[in-house]
């Protein structure tokens, strides 16, 4: 019997029409799944609850625990995002999104401290859904990594490097040490691209298709490619 925590590569994307409420208003498709951190028992979710990611790195940050954070897609993202209408959050009916209100940062600080008291190292996926919603929030994560030696962050942003938020993330990611955030839809190192039918393996320009999406590795935790290389990673539209 297949576990609901087993990742199955592929999946048909759900592309919303241009006049759809979520597209026009810049909000999630499933607005009923947005909650304040005040009303949630926890907001940093164990990675093993995500069928693709997994809970413990086997490569890259080997032995480091993985947790994920989801914010409301579109409402925290730049409208320039190439996946504005096709965001994979359109298929995430049950994922809990944390509202970026005054309760978010205190809750994050508390949970990071608790997790680091239990595990020597944790890594936070920024973000399973959503993006860095303002400069202060981006600086929060950069400062947390600098202050807490056991904290690692990885993920993606649709903010261009030329924007104030993008510059903060770019400066922090340049060392490619404990803060590794890639730029979606960008060119060059530390970037990602989405393709409708991404071929397996390495591309002519040196980019690499995500092995977890092609079935060449079971999950992110057993791959670590996003951590171990700065080459562009290609993902399938899903």
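Numbering (the numbering used here), first residue to last: 162 to 399.
Here a beta-carbon is modelled for each residue, glycine too, at the ideal position from N, C-alpha and C.
Owing to the predicted nature of the structure, the values given are computational and were not obtained by experimental measurement.
Notebook entry, point to check: What does residue 316 pair with, by DSSP beta-bridge criteria?
Noted result: Beta-bridge pairing links residue 316 to 287, 342.
Check: Does DSSP put residue 233 in a helix, a strand or coil?
Finding: coil
Note to self: Assuming residue 305 and residue 275 are in contact, meaning their beta carbons sit under 8 Å apart, how far apart are those beta carbons, in whole angstroms?
What the structure shows: That belief does not hold up - the Cβ atoms of residue 305 and residue 275 are roughly 14 Å apart, past 8 Å.
Item checked: Residue ranges of each beta strand (DSSP E) within the stretch 213-260, 3 or longer -> 226-231
Notebook entry, point to check: Does the beta-carbon distance from residue 203 to residue 258 come in below 9 Å?
Noted result: Going by C-beta atoms, residue 203 is not nearer than 9 Å to residue 258.
Notebook entry, point to check: Can you tell which of 389, 388, 376 has the C-alpha that lies nearest to the C-alpha of residue 213?
Noted result: Nearest Cα to residue 213 within the set 389, 388, 376: 376.
Next item on the list: Can you have a look at residue 263 and say buried or exposed, based on whether 16 or more other CB atoms are within 10 angstroms of its CB?
Entry: Exposed: under 16 other Cβ atoms inside 10 Å.
Checklist line | Closest by C-alpha distance to residue 173, when choosing among 337, 250, 234 | finding: Residue 250 is the option with its Cα nearest to residue 173.
Check: In whole angstroms, what is the alpha-carbon distance linking residue 241 and residue 333?
Finding: 22 Å
Checklist line | residue 386 versus residue 287 - alpha carbon distance | finding: 16 Å
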